[in-house]
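First residue of the sequence shown? That's 0 in numbering that gives the first Met the number 0, and the numbers climb one at a time after it.
Cβ atoms here follow ideal geometry from the backbone N, Cα and C, with glycine treated the same way.
Here is the structure we will look at, set down as structure tokens.
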Amino acid sequence: MCGITGIVATTANGRSALAHCRQATDRLNHRGPDHQEVCNLDVAALGHCRLSVLDPTAGAHQPMTDTQDRYVIVYNGECYNFKSLREELTAKGHAFRTDSDTEVILNLYIEYGEAFVEKVNGFFALAIFDKHDHTLFLARDRMGIKPLYIFSSPDFFCFASEAKAILAYPVPRTIDTDSLHLYLHLNYIPGAFSMIKGLEQLPPGHSGILKKGQWQTRCWYTIPEANVYDGQDQIKRFREAMEASVRSRLVSDVPLGAFLSGGMDSAIISALAAKETKNLQTFTIGFKDHPEIDESREAELTAKHIGSDHTTFHIQEDDLQDSARHLLTTMDDPFADSSAIAVHVLSRFVRTRVTVALSGDGSDEMLGGYRKHKAEWLARHNRWPRPALPILDNLSRRLPHDRTSRIGDLNRKWLKYLEGLQLSPKERYWRWCGFTSGDMTDKLCLLKSTNMVSERISGITLGIDGRSSDLEDILLADMRTVLPNDMLTKTDRMSMACGLEVRVPFLDHHVVKIARELPFHLKYRKERQKWILGTAFADLLPAEIFDRPKKGFEVPIRQWLNTSLKEDVDRVLSHDFLQAQGIFQYEEVTHLLNQSRSTHHAGDAPARIWGLLVFQHWWEKTFN
């Protein structure tokens, strides 16, 4: 796993910007601490920071050129079928100087052109520059596991693994107000956008060519629509695909392990991996100070059952708060999913033992594992009398509704459910994805959104109609939006901040295809979510693992906002700060802050304050 960046001058004036590639590369050093190098060319510069996983020799360092010295590649990712592809290329006359998958990727491009990406089983963000005709080719993996930011100006085109590296180039810094409004709703930015106007991401499953100053993209992969396979062996096919996926992701020249929580997803991945490798190392974190989110006991029982070499890292409050401060000071594009703090803590400790870790990401979006999926199923099948909904809402708001108690948290979710029942299916999906309504966001923000924000939301909810009895429209929307923009962004940023490569077997494209072909009753049956997992892998794990209620990877944000982070919150949300900044309405911020500090009626206000705190730190770092 690595960090990549590069720039191509498209005019004579743009050549002065090439020198910034060194600084951009420096900003990615955490992604690849083993080797750093910049290749300076006539009209381009490419930079690479390497985390050595396959063929750690110097010959596999990047940027890498082909044997004819025409093409230069920088590549972040892993190609799991590179050995079979190498044999295919060798039969066609290609010679290899290393044992790396990077050289295989480069020769695939030389042999097959842009279409080579369809042959790759893996995850990647890559760039290949042709020194003869000065064209630049970029590509990103099918699911968006690896990030790739791009920026185009009249004089140059640049790219990087992270937004902070793009900002090392002479890029104008203007807030994208539409992205700001969407961020205030979701606590992350959806789609191929960022908080800086013009700074975008190459979408998942897309590639692009820069030729003679013109940038053109093409979509080479889309997540399949639900298309039920009518065979009798669906469960067997899914099991075999998962076994193959895990097996392929165990190839590594450096130490490898697996994340193991108390849930079924990581347990399945770890159990499959333990069958294929001796003394698999598994890892979890224990929260002694917060037993409500501690799954260490359950993880240890699973580890004992599968026979893994298990380590529980017992986390103190200071460890969590150190990671929270790290997130606030280093986040290069606002991202406020607070569970990222726990992922960072886990990654930081796991990196002391291994360089590569397997994760259970992707299962919930693909198979319907979230609470909102169950809520949507109930909304489609249980018809409440519409006149009763406002009355129930009014009565419920008089009761505690926050995360500080079990009853309060249940009522908080109930209120959100009642609100969703009064909306259309598209509106309900959007509301349940976020923490607030559009009206509340408009009141909070002084910078007004454009008409494009509605188009962005429409693109996210496209295809949701609510007429079908299954939830395939919801799952597809989650896989296109929540998965790449929230879950995979969280995993990549937090793990790579620690120099840890995380692999996600559930998102092998063969597994995804089979999952999209499963009849819905194999995903949700008798109100049991992800039903197929408990059936397909029943022989590997104890039954109670599949019956445990889902726990979120949550951290005590509300508590911190009122204690260790209170001084910081009060500073960046003060009247003087907000007035000088000119982005947020002070009265609305104060109302939200007071709500977040309410004893029993905080609702989702603490999550929204955390989102504001993350944004304010990003703004200070970016504009001051």
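Pull the bridge partners of residue i from the DSSP assignment, please.
{"i": "residue 76", "result": "123"}
{"i": "residue 624", "result": "In this structure the chain extends from 0 to 623, so residue 624 is not present and cannot be described."}
{"i": "residue 214", "result": "209"}
{"i": "residue 625", "result": "The structure shown does not extend to residue 625, since the chain is modelled only from 0 to 623, so the question has no answer here."}
{"i": "residue 357", "result": "257, 502"}
{"i": "residue 284", "result": "312"}
{"i": "residue 428", "result": "In the DSSP output, where bridge partners are listed per residue, residue 428 has none listed."}
{"i": "residue 199", "result": "149"}
{"i": "residue 39", "result": "44"}
{"i": "residue 94", "result": "Beta-bridge pairing links residue 94 to no other residue."}
{"i": "residue 523", "result": "528"}
{"i": "residue 2", "result": "48"}
{"i": "residue 174", "result": "195"}
{"i": "residue 64", "result": "71"}
Just to check my reading of the structure: residue i and residue j have Cβ atoms closer than 8 Å, yes? What is that Cβ distance to the nearest angstrom?
{"i": "residue 379", "j": "residue 499", "result": "Residue 379 to residue 499, Cβ: 40 Å. No contact."}
{"i": "residue 75", "j": "residue 206", "result": "Not confirmed; about 15 Å, so no contact."}
{"i": "residue 49", "j": "residue 226", "result": "Not really, about 40 Å apart at Cβ, beyond 8 Å."}
{"i": "residue 70", "j": "residue 129", "result": "6 Å"}
{"i": "residue 121", "j": "residue 77", "result": "5 Å"}
{"i": "residue 176", "j": "residue 447", "result": "7 Å"}
{"i": "residue 140", "j": "residue 203", "result": "7 Å"}
Under the three-state reduction of DSSP, which class applies to residue i: helix, strand or coil?
{"i": "residue 540", "result": "coil"}
{"i": "residue 230", "result": "coil"}
{"i": "residue 168", "result": "coil"}
{"i": "residue 151", "result": "strand"}
{"i": "residue 20", "result": "helix"}
{"i": "residue 250", "result": "coil"}
{"i": "residue 188", "result": "coil"}
{"i": "residue 135", "result": "strand"}
{"i": "residue 582", "result": "coil"}
{"i": "residue 440", "result": "helix"}
{"i": "residue 598", "result": "coil"}
{"i": "residue 433", "result": "coil"}
{"i": "residue 554", "result": "coil"}
{"i": "residue 225", "result": "coil"}
Can you tell me which of the options puts its alpha carbon nearest to the alpha carbon of residue i?
{"i": "residue 370", "options": "8, 527, 253, 562", "result": "527"}
{"i": "residue 43", "options": "178, 120, 211, 59", "result": "211"}
{"i": "residue 624", "options": "464, 565, 240", "result": "This structure gives no information on residue 624, because the portion of the chain shown stretches from 0 to 623."}
{"i": "residue 138", "options": "483, 588, 208", "result": "208"}
{"i": "residue 150", "options": "92, 355, 16", "result": "16"}
{"i": "residue 19", "options": "375, 6, 576", "result": "6"}
{"i": "residue 144", "options": "593, 27, 229, 506", "result": "506"}
{"i": "residue 449", "options": "88, 26, 179, 301", "result": "179"}
{"i": "residue 501", "options": "508, 492, 509", "result": "492"}
{"i": "residue 552", "options": "97, 87, 286", "result": "286"}
{"i": "residue 325", "options": "169, 496, 70", "result": "496"}
{"i": "residue 547", "options": "416, 114, 301", "result": "301"}
{"i": "residue 570", "options": "195, 596, 615, 601", "result": "615"}
{"i": "residue 234", "options": "533, 598, 618, 321", "result": "533"}
{"i": "residue 659", "options": "544, 608, 563, 510", "result": "Nothing in the structure corresponds to residue 659, since the chain is present only between 0 and 623."}
{"i": "residue 607", "options": "38, 444, 82", "result": "444"}
{"i": "residue 582", "options": "142, 328, 540, 619", "result": "619"}
{"i": "residue 274", "options": "529, 297, 243", "result": "243"}
{"i": "residue 84", "options": "101, 72, 314, 574", "result": "101"}
{"i": "residue 11", "options": "27, 41, 34, 29", "result": "41"}
{"i": "residue 306", "options": "356, 322, 272", "result": "272"}
**Study point:** Cβ contact check for the segment 358–366 and the segment 262–270: 3 or more pairs under 8 Å
**Key:** With the cut-off at 8 Å, the segment 358–366 and the segment 262–270 touch.
Exercise for review: Count the CB pairs spanning the segment 279–297 and the segment 247–264 that are closer than 8 Å, and state whether there are at least three.
Suggested key: Taking 8 Å as the limit for Cβ pairs, the verdict is that the segment 247–264 does touch the segment 279–297.
Check your understanding: Are at least three pairs of beta-carbons, each pair with one atom in the segment 376–395 and one in the segment 341–355, less than 8 Å apart?
Key -> Contact between the segment 376–395 and the segment 341–355 is absent, because fewer than three Cβ pairs lie under 8 Å.
Exercise for review: Would you be able to state if there are at least three C-beta pairs under 8 Å between the segment 152–159 and the segment 415–427?
Suggested key: No contact exists between the segment 415–427 and the segment 152–159.
Review point. Are the segment 237–249 and the segment 180–190 in contact at 8 Å, needing three or more beta carbon pairs?
Key: Touching, no.
Exercise for review: Check whether the segment 331–338 touches the segment 307–314, taking contact to mean three or more Cβ pairs, one atom from each stretch, closer than 8 Å.
Suggested key: In this structure the segment 331–338 does not touch the segment 307–314; the number of beta carbon pairs closer than 8 Å is below three.
Check your understanding: Do the segment 103–120 and the segment 171–186 meet, that is, are 3 or more Cβ pairs less than 8 Å apart?
Key -> With the cut-off at 8 Å, the segment 103–120 and the segment 171–186 do not touch.
Review point. Is the number of C-beta pairs between the segment 399–419 and the segment 457–470 that are closer than 8 Å three or more?
Key: Result no; under three Cβ-Cβ pairs closer than 8 Å.
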